[in-house]
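Residue numbers (the numbering used here), protein chains in the order written: chain A, 1 to 492; chain B, 1001 to 1492.
Here the structure comes first, spelled out in structure tokens, and everything after it is commentary.
In structure tokens:
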């Protein structure tokens, strides 16, 4: 997700302007006539503090599921179920199309939210939704405003607009929703849920609504997410902490060894040095690079803003956007050992530790990283140091949309109509993060589309999370268009 | 301090054998006749848990000072004073020699002890002195048995032996004692005490009794201690912790930068890379290297024992003993940053931290390390990372004995007599650690001698600290010889 340098001169600041600036469609007319319903839904839902990471909020997460189930029934979904898990409940809904052979689309999202610490940095209470007039239009400030209640809520209005605009009693495609309650806690029970409920979840296409666009006036679609593998390295030197005066200079220090090891994790070109790490990384095609280069991106603005960094750096031969979305990485997330309290303690510690995560792309698989890392540590370990490499099972595979599929064509058409653009003008984004989307692809064996209304400036996971309301309005319209477009296509 | 491989076949196991094995002197005869006094003193003093690092034990540290003051009065010191400090009290005593122009010797030691954690690893309660028959003779087990109550206590008997053996009413040299109460807490008020009491502390030679010998049957003297400078490095990357998925691969990670920086702290030859670091390191002379090479040392036994390490390593071109005692070092004592809790948190942290200490030799000075380290960090910092280098004022200068001084001759003669050896056979040791001894040299401008009865196997600072009682017996005898020998010499 990236902020952009150049914002269009005519911002979408209100539903009236929205209507006037673009082409009227029945879907848009319905959405604009019923914005109050969307706003009322959000106002109610965002007041429920469904923080899945905090056990004290478990009743709120349950309330959030119950609210969503009731809202889906109100929209008209004939099947709405709350699916318990060993953790927080998910919500499942289904509205079958009456059309014979209609494709089945499954929308993925989540109804839990991030914690709100540090509370004192919020300008408005996180669970009292507040509209603030911003430079690009009205913003709704609240925890979950976009991540992910906003993205899920626009589907409620979108489905109504689809039915009203097409004059149908059932949608043009069978629409299923699976809205989980533990995404912000790492989706610990999601893969199991997908396995257990596989018979209910069969579909022809998965529509993930948990992402966003490059900017409010840059219609775009995420087409890939990176995978994830994590690891912990423990290095052991002396059997006990030693006095650095009595032993310093003559025995191996595990902190020195850890520094040497991690300094060797990247080569001079910024490439990860694990043997075989790049074997399954497909080179970027000229078309992919051209598409990424079209994404408007002001590096200095990105550095000054969300990256909060002094320089952009990374693998040689790739742009910042390519480094972020299309290339694998190795990052040290934590490192510790020895004395870390106030003052000094003159020791050579017995152990040093580091936590690492690897982001994966194209055909890389998380289960390959463990053996690669073990071989690499073995080869780079200084004399007298023993290493233990822990790579937990699991991890996340990278996933991506098939840019040439009919479903992708439907998505581009839907976005283009909602954003007053052309399908060929919709830009492709690559998400650097990782999520349960890969589980969906693997469990449901269906192609993946991303339709989300977030912006890089939405401060997700941070104080003052917000959503630009016109983005949700366009999102609802795009959803309505998408069901129609998908219904007109013969899928895979 | 190092353990030795080969122990002499005839261990000094009792006072009787001690007497028979060597040459009888009046000093030895007196010591052997009054061992019960030394043992009774230790039994009483070691029961006082004078842990200076624990505020709850402040009354015990005061009791310890009071006990020592009373014991010194009992021996006959005409002047005994307890000197308060903002922390724990020191004990000062003085016994002027009646001889006109007699040199003045000042004994340094400390009456506080290390904490006893982990208590469950002690075979006997740390403050219930227990005699255990060991392979080399009777051992007294207790916290402080050698560090440093044992080393101070032998001076009580030593002074009585000196007077009795020489038939004098006053010692052959004016003897002062300064026994501080905060050595195990870093001697925070010691330098100030030396300044404030400078007029009382003038002396011609300082005798430090807080060290030991190479082995119970290897008469030896410490002749140098390394200095100490400490530093903390903070590296700053992004202004806030960033999501490693959204930003990983494109912004500088301070943990990577810290690893690269610390990996460059030593070159391929194991030399510290700070510019100018070795400028004031005097090369070891052939004589010094020859003297160090004579110290019996089994590297494998040292690795298997106190060093608890798999290999010996360090600066190329130097032996392990040279690396430990005669060469400067840089050690990372602690390193931390990012997420260090259970599981994983996918962040690029805003900061990384490291604590370092440098051990210094010959003419190196702690105040030079700060500028050297700052220049080095500046020169080695990756782009986009800011560094803050904190080097607290103070530190410890290296210190050493003048091997050619008359005082050194007196010390060698005293040790040789007590250990049934020859002065030329007394080996020189270099202590890798650092202590307030450098403050003494600087404040009192007097040459330094080390007379201590510890052994590398005494487990100081660890559970089951002990002293080999015959070492204390010989220490008392050596002290008695030393006052006589020093009185026969014209100093400085």
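Backbone N, C-alpha and C fix where the C-beta goes; we use that ideal spot for every residue, glycine too.
The structure displayed is predicted, hence computed values, not measured ones.
Cβ proximity to chain B below 9 Å picks out nothing from the region 107 to 122 of chain A. In the pairwise beta carbon analysis, the region 362 to 370 of chain A is classified as not touching the region 195 to 206 of chain A: fewer than three pairs are separated by under 8 Å.
Of the residues 1229(B), 1377(B), 1450(B) and 1387(B), the one whose Cα lies closest to the Cα of residue 1409(B) is 1450(B). Remark: C-beta atoms of residue 33(A) and residue 156(A) do not approach each other more closely than 8 Å. Taking the Cβ atoms as the reference, residue 174(A) lies roughly 24 Å from residue 223(A), outside the contact range of under 8 Å. Of all C-beta pairs linking the region 60 to 77 of chain A to the region 197 to 213 of chain A, fewer than three are shorter than 8 Å, placing the two stretches out of contact.
When CB distances to chain B are screened at a threshold of 8 Å, the residues of the region 444 to 470 of chain A falling below it are 461, in chain order.
Going by DSSP, residue 320(A) is part of the alpha helix (DSSP H) stretching over 320 to 325. Contact between residue 1346(B) and residue 1243(B) holds: CB atoms are separated by about 6 Å, below the 8 Å threshold. In this structure, residue 433(A) keeps its C-beta atom at 8 Å or more from the C-beta atom of residue 1343(B). Residues of chain A with a Cβ closer than 9 Å to the Cβ of residue 1339(B) are, in chain order, 333, 334 and 355. A straight line joining the alpha-carbon of residue 142(A) with that of residue 457(A) spans about 14 Å.
When CB distances to chain B are screened at a threshold of 7 Å, the residues of the region 292 to 310 of chain A falling below it are 307, 308, 309 and 310, in chain order. With a 10 Å radius around the Cβ and a threshold of 16 neighbouring Cβ atoms, residue 1323(B) comes out buried.
Of the other Cβ atoms in all chains shown, 16 or more fall within 10 Å of the Cβ of residue 329(A); this residue is therefore buried. Chain A places no beta carbon closer than 8 Å to that of residue 1216(B), leaving this residue out of the contacts. 8 Å or more divides the Cβ of residue 481(A) from the Cβ of residue 379(A). In its chain, beyond the 5 residues on either side, 1068, 1090, 1091, 1109, 1110, 1111 and 1152 have a beta carbon closer than 7 Å to the beta carbon of residue 1179(B). For residue 247(A), the enclosing alpha helix (DSSP H) covers residues 244 to 247. Taking the Cα positions, residue 1425(B) is about 8 Å away from residue 1219(B). Listed in chain order, the alpha helix (DSSP H) elements of length 4 or more contained wholly in the region 286 to 320 of chain A are 286 to 293 and 299 to 304. Using a Cβ-Cβ distance cut-off of 8 Å, the region 234 to 243 of chain A and the region 134 to 141 of chain A are not in contact, since fewer than three pairs of beta carbons, one from each stretch, lie closer than that value.
With contacts defined as CB atoms closer than 8 Å, residue 146(A) and residue 453(A) qualify as a contacting pair. Taking a contact to require three or more Cβ pairs closer than 8 Å, the region 1176 to 1190 of chain B and the region 1078 to 1097 of chain B qualify as touching.
In the assembly as shown, residue 473(A) is a buried residue. Its beta-carbon has 16 or more other beta-carbons within 10 Å. With 16 or more other Cβ atoms inside 10 Å of its own Cβ, residue 1352(B) counts as buried. Taking 8 Å as the cut-off, the beta carbon of residue 1229(B) is found no closer than this to the beta carbon of residue 1077(B).
Runs of the beta strand (DSSP E) spanning 3 or more residues and lying entirely within the region 219 to 290 of chain A occur at 220 to 225 and 227 to 236, in chain order. The C-beta of residue 393(A) comes no closer than 8 Å to any C-beta of chain B.
Per DSSP, residue 207(A) lies in no alpha helix (DSSP H) segment; the continuous beta strand (DSSP E) that holds it begins and ends at 205 to 208.
Three or more Cβ pairs closer than 8 Å define a contact, and the region 390 to 406 of chain A falls short of that threshold against the region 1202 to 1221 of chain B. When DSSP states are grouped into helix, strand and coil, residue 1451(B) belongs to the coil group. Restricting attention to alpha helix (DSSP H) runs no shorter than 4 residues, the region 169 to 216 of chain A encloses them at 190 to 196 and 198 to 201, ordered along the chain. Residue pairing from DSSP leaves residue 446(A) without any beta-bridge partner. Not flagged as an interface residue toward chain B: residue 156(A), since no C-beta distance is shorter than 8 Å.
Contacts between residue 1347(B) and chain A, judged by CB atoms closer than 7 Å, involve 333 in chain order.
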